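2 protein chains.
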Amino acid sequence: MKASVFIVDDHYMVIEGIRSLLQNEKNIEWMGHATNAASCIGFLKQQQPDVILMDVNLPDQSGTDLCKQVKQLYPKVFVIGLSTFNQQPVIRNMMENGASGYLLKNATREELLTAILTVMAGKTYFSAEASLSLREQDNELPLISRREKEVLLLIADGFTNAEIAEKLFISVATVNTHRKSLLSKFRVNNTAGLIKLATRYNLV
Amino acid sequence: MKASVFIVDDHYMVIEGIRSLLQNEKNIEWMGHATNAASCIGFLKQQQPDVILMDVNLPDQSGTDLCKQVKQLYPKVFVIGLSTFNQQPVIRNMMENGASGYLLKNATREELLTAILTVMAGKTYFSAEASLSLREQDNELPLISRREKEVLLLIADGFTNAEIAEKLFISVATVNTHRKSLLSKFRVNNTAGLIKLATRYNLV
DNA sequence: GGTAAAATCATCTTTTTTAATGATTGTACC
DNA sequence: GGTACAATCATTAAAAAAGATGATTTTACC
Chain U
2 MKASVFIVDD
12 HYMVIEGIRS
22 LLQNEKNIEW
32 MGHATNAASC
42 IGFLKQQQPD
52 VILMDVNLPD
62 QSGTDLCKQV
72 KQLYPKVFVI
82 GLSTFNQQPV
92 IRNMMENGAS
102 GYLLKNATRE
112 ELLTAILTVM
122 AGKTYFSAEA
132 SLSLREQDNE
142 LPLISRREKE
152 VLLLIADGFT
162 NAEIAEKLFI
172 SVATVNTHRK
182 SLLSKFRVNN
192 TAGLIKLATR
202 YNLV
Chain E
2 MKASVFIVDD
12 HYMVIEGIRS
22 LLQNEKNIEW
32 MGHATNAASC
42 IGFLKQQQPD
52 VILMDVNLPD
62 QSGTDLCKQV
72 KQLYPKVFVI
82 GLSTFNQQPV
92 IRNMMENGAS
102 GYLLKNATRE
112 ELLTAILTVM
122 AGKTYFSAEA
132 SLSLREQDNE
142 LPLISRREKE
152 VLLLIADGFT
162 NAEIAEKLFI
172 SVATVNTHRK
182 SLLSKFRVNN
192 TAGLIKLATR
202 YNLV
């Protein structure tokens, strides 16, 4: 039984690389590629592959959002996240949105094949480095609320508590509470550390 | 006359993609690849290609450093920077270290070929997006002094002025001066904006 | 209907940052 | 020898953030 594979990535070199790596595999059927989320969705309306290799950074929307959308529309399609970065929060995010695996772009042909076959069997696959980083406790993404995230974004944009309060139609005291809760959740003791970490986590 | 091409990139998929894109070109000779700076230098000791396609993010050292090193040892070898990111400061850095061009990883086969032939002719090549971003004035990297950068890094690490003063064996007043000069050069009005920008510029 | 978490606001104190200005010393370069 | 800039330090004042504590109202979920 052949596994049909589709790829969404905005880098031709990566698409071409994967195509080249898979082209002589007789149990893999290459269904094509898209370079953005919109045309991926367009393709899926016509036909559904067994597996989608999905870059987590797409030009029109994030890979995590696309993954969520795809799994809602076509729950049977398996998604494997693809990225150059080995960032725990991003990986977690993809998995929470229904991905079946995560591969780094320095994966070998063997890894790629194993990943596809593993998810086809209904299991999850992480590349060695990705699973290693998942085990690391210290760079865990703090769980912040919707409102806290709003405040975080405004802080990152350089607004003061007073300005943020005005923008969100709440009191300065409340903004302060959210701010302090952010500092506490990120385990930092000032704004600089907060923004640096948040940037690392791709939140801002 | 054939152009011999070598690639340094830690992502197999990209190496494979470029190889596949170039394999049927009769005026391109594929000389091989390295996945890190060290083995690239090792290869160059044996033989020198006409053109090196060089990822700016390598596992063992930065592409900019490697570029500098390569140009010092083998000035005749042309280097083309390669990256997923279209960041003006990084591009500038590569060019200052002797690169002859800059390509994004979403380049098409045509762009790739044009780039190689252009630099072979002794000219410089930028992908459309890269040259566009170079023209943008507003995301220009502020020119900061050595000391300012030291202070910036410590601020980003969450240290207060007092702590920084202690670390650098200077007075708090001086740290303050540097800090204010940073805010002014980055055209922001508080720490949050400073760190966000500095992160964007890859300074921290 | 109860519980937990999120969101809201308040008061108060201390620490830190931002702002405005001015001044001295050293170093690099023409 | 003059100019420009980096690096150093100072004083004073206002604004903002950080730390501690407590309390009420919504919202989501079982």
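Order-wise, the sequence lines are chains U and E. 2 is the number of the first residue of the first sequence in our numbering; add one for each residue after it. 2 is the number of the first residue of the second sequence in our numbering; add one for each residue after it. In this text, a Cβ means the ideal position worked out from N, Cα and C, and glycines have one as well. All figures in this text were calculated on a predicted structure; none of them were measured in a lab.
Practice task
May I ask which residues mark the beginning and end of the alpha helix (DSSP H) holding U:Y13?
Solution key: Here residue 13 of chain U refers to the residue found at position 12 when the first sequence is read from its first residue. Per DSSP, U:Y13 belongs to the alpha helix (DSSP H) from 13–23.
Practice task
Please list the partners that U:H34 has in chain E, where partner means a Cβ-to-Cβ separation under 9 angstroms.
Solution key: Taking the first sequence and counting its residues from 1, the one referred to as residue 34 of chain U is at position 33. At a beta-carbon threshold of 9 angstroms, none of the residues of chain E lie near U:H34; the nearest stands roughly 12 angstroms away.
Practice task
Compute the distance between the beta-carbons of E:D66 and U:K197, then report whether it is under 9 angstroms.
Solution key: Position 65 of the second sequence, counted from the start, is the residue given in the question as residue 66 of chain E. Position 196 of the first sequence, counted from the start, is the residue given in the question as residue 197 of chain U. Against a cut-off of 9 angstroms, the Cβ pair of U:K197 and E:D66 comes out as no contact.
Problem - Any C-beta of chain U under 9 angstroms from that of E:I29 - result: In the second sequence, residue 29 of chain E corresponds to position 28, counting from 1. Output row for E:I29: interface = no.
Problem - Cβ shell of E:Y75 (< 8 angstroms), same chain only, five flanking positions each side left out - result: Counted from its first residue, the second sequence places residue 75 of chain E at position 74. Cβ within range, chain order: L45, Q49.
Exercise for the section: Give the DSSP bridge partners of U:A4, in chain order. Expected result: Here the question's residue 4 of chain U lines up with position 3 in the first sequence. Bridge pairing for U:A4: U:I29 [DSSP].
Problem - the region 189–205 of chain U in contact with the region 88–103 of chain U per 3-pair CB rule at 8 angstroms - result: yes
Practice task
Give the interface partners of U:H12 over in chain E, defined as CB-CB distance under 7 angstroms, in chain order.
Solution key: Against the first sequence, residue 12 of chain U aligns to sequence position 11. Within 7 angstroms Cβ-Cβ: T85, K106, N107.
Practice task
Have a look at E:K186 and U:N191 and give me their C-alpha separation to the nearest angstrom.
Solution key: Position 185 of the second sequence, counting from 1, holds the residue named residue 186 of chain E. Position 190 of the first sequence, counting from 1, holds the residue named residue 191 of chain U. The straight-line gap from Cα to Cα measures roughly 22 angstroms.
Exercise for the section: Give me whichever residues DSSP pairs with U:V80 in a beta bridge. Expected result: As a position in the first sequence, residue 80 of chain U is number 79, starting the count at 1. U:V80 is bridged to U:I53.
Problem - Spatial neighbours of U:H179 in its chain, beta-carbon cut-off 7 angstroms, leaving aside the 5 residues before and after - result: For this step, residue 179 of chain U is matched to residue 178 along the first sequence. The answer, listed in chain order, is R148, E149, V152.
Practice task
Spell out a yes or no on whether the region 14–25 of chain U and the region 5–23 of chain E are touching, meaning 3 or more CB-CB pairs, one atom from each, closer than 8 angstroms.
Solution key: yes
Handout entry: Same chain, Cβ closer than 7 angstroms to E:P60, neighbours up to 5 away in sequence not counted
Key = Working through the second sequence from its first residue, we reach residue 60 of chain E at position 59. Excluding residues up to 5 positions away in sequence, D11, N37 lie with their Cβ nearer than 7 angstroms to the Cβ of E:P60 in the same chain.
Problem - Paired residues, beta bridge with E:L104 - DSSP - result: Here residue 104 of chain E is taken as the residue at index 103 of the second sequence, counted from 1. Beta-bridge annotation (DSSP): E:L104 is paired with E:L83.
Exercise for the section: Evaluate E:N14 with the Cβ neighbour count: other Cβ atoms within 10 Å of its Cβ, from every protein chain shown; 16 or more gives buried, anything less gives exposed. Expected result: Translated into the one-based positions of the second sequence, residue 14 of chain E becomes position 13. Note that residue 14 of chain E is Met in the sequence shown here, rather than Asn. Its Cβ being crowded by 16 or more others within 10 Å, E:M14 is buried.
Practice task
Could you check how far apart the C-beta atoms of U:H34 and U:V9 are, in whole angstroms? I think they sit under 8 angstroms.
Solution key: Looking up residue 34 of chain U in the first sequence gives position 33. Looking up residue 9 of chain U in the first sequence gives position 8. Yes, U:H34 and U:V9 are in contact; Cβ-Cβ is about 7 angstroms, under 8 angstroms.
Handout entry: Cutoff 9 angstroms: U:G194 Cβ touching any chain E Cβ
Key = Numbered from its first residue, the first sequence carries residue 194 of chain U at position 193. At least one chain E Cβ lies under 9 angstroms of U:G194.
Exercise for the section: Please go through the region 153–191 of chain U and give each complete alpha helix (DSSP H) segment of 4 or more residues, from N-terminal end onward. Expected result: 162–169, 173–187
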